[in-house]
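Everything below concerns the one structure shown next.
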Amino acid sequence: MFDADPKSKPVNTKLPKAVIMMIEKGNLVMAIKTLAADENITMDAAKVRIDAYETEIKVKQQQKLNTIASKQGIPSQAINFDREPPVDIHQERLIKNRVKTTQSEQSFKSLQNGVENKLGNLGYKKPLIPFWVKRLLVIAIIMVGLFLILWRVFG
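Each residue of the sequence shown is one higher than the one before, starting from 3 at the first, in my numbering.
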């Protein structure tokens, strides 16, 4: 769960609307510069005020989420801002001659291997000539036949 630092001294979190809009859009650098220029304070002081404002917003959001979760019967530990995306602990060592595949490519290959194993267990064997090659061969034979017929008629 997100907890504000209780030791921090209270800071005036009242900010101009333009700065609040910049913070909501994620443009923190511009918000700090604007606040420092508007109120003639240092960048560090502006950063502290903006951080305090963000902390206040996060606390309010967490409280709202907790009340909604308690109404719906969801445990409050399931909803928090502190979670980070999972990091892959088992990272492979880089090998020069091998291209690292993405997760989607690995899942496709595992699916393909599973289908091939299932077909192998059923006794299915791949045809010598794929179906699309047979189809192209039939189309080519028909075209050659039509060419020869038209050549004899008009030639």
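Cβ coordinates follow ideal geometry from the N, Cα and C atoms, glycine included.
_I'd like to know whether the C-beta atoms of Met45 and Ala39 end up nearer to each other than 7 Å._
For the purposes of this step, residue 45 is taken as the residue at position 43 of the sequence shown. For the purposes of this step, residue 39 is taken as the residue at position 37 of the sequence shown. No. Outside cutoff.
_Just to confirm the assignment, what range does the alpha helix (DSSP H) spanning Thr69 have?_
Taking the first residue of the sequence shown as 1, we reach residue 69 at position 67. Per DSSP, the unbroken alpha helix (DSSP H) holding Thr69 starts and ends at Met45 to Gln74.
_Gln64 versus Ile70: straight-line alpha-carbon distance, rounded_ = To locate residue 64, count along the sequence shown from 1; it is residue 62. To locate residue 70, count along the sequence shown from 1; it is residue 68. Separation of Gln64 and Ile70 (C-alpha to C-alpha, rounded to the nearest whole angstrom) is 10 Å.
*Rounded to a whole number of angstroms, what is the C-alpha to C-alpha distance between Tyr126 and Asn119?*
Here residue 126 refers to the residue found at position 124 of the sequence shown. Here residue 119 refers to the residue found at position 117 of the sequence shown. The C-alpha of Tyr126 lies about 10 Å from the C-alpha of Asn119.
*Are the Cβ atoms of Ile59 and Ala48 separated by less than 7 Å?*
To locate residue 59, count along the sequence shown from 1; it is residue 57. To locate residue 48, count along the sequence shown from 1; it is residue 46. No; because the gap between Cβ atoms is not below 7 Å, this pair is not in contact.
*Among the residues of its own chain, which have a CB less than 7 Å from the CB of Ile52, if the five just before and after it don't count?*
Counted from its first residue, the sequence shown places residue 52 at position 50. The residues are Ile25, Leu30, Ala33, Ile34 and Leu37.
*Could you have a look at Leu30 and say whether DSSP puts it in helix, strand or coil?*
Position 28 of the sequence shown holds residue 30. Correct three-state label for Leu30: helix.
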